[in-house]
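Quick note on numbering: the sequence shown equals residues 1 to 109 in the UniProt record's numbering. Below: the structure, in structure tokens.
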Amino acid sequence: MAEMLTLTDAAAKRVAAIAEKQAKPAILRLSVEGGGCSGFQYKFDLAEAAESDDMVSETDGVRLVVDPVSLDLVAGSKVDFVESLGGAAFRVENPNAAAGCGCGSSFGI
């Protein structure tokens, strides 16, 4: 099931750096919440541990965890970390999204 969601090398490096600064495990939790300009929005947090029903994907020792409800909306996605003149952020390339917004943090199915 881990192949259903991937974390890029750039995202893994960024999570590892943030986790080290905060003295936390290198576990990035991706969840989906209602809201945003397109209906759903992505939420990223550092997690202390994976839950028993989480989908877990690992890249370079960094784990990406997603709960079953959110997984239905992001299955097959790639989580990346991008830096540009506009700033730096985690981005989700979601093949399930039928619509998105300009900021890239909100999507519709």
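Don't be surprised by glycine CBs; every beta carbon is placed ideally from N, CA and C.
Where residue i and residue j are concerned, what is the direct C-alpha to C-alpha distance, given to the nearest angstrom?
{"i": "D60", "j": "G39", "result": "33 angstroms"}
{"i": "P25", "j": "G35", "result": "28 angstroms"}
{"i": "V65", "j": "G86", "result": "27 angstroms"}
{"i": "A75", "j": "K43", "result": "15 angstroms"}
{"i": "A12", "j": "N94", "result": "18 angstroms"}
{"i": "R14", "j": "F81", "result": "7 angstroms"}
Are there 16 or more other CB atoms within 10 angstroms of the CB of residue i, so buried, or fewer, so exposed?
{"i": "V69", "result": "exposed"}
With H, G and I counted as helix, E and B as strand and the rest as coil, what does DSSP make of residue i?
{"i": "A89", "result": "strand"}
{"i": "K43", "result": "strand"}
Look at the Cβ atom of residue i, then the Cβ atom of residue j, and state whether they are nearer than 7 angstroms.
{"i": "L46", "j": "A23", "result": "no"}
{"i": "M55", "j": "L71", "result": "yes"}
{"i": "S77", "j": "L5", "result": "yes"}
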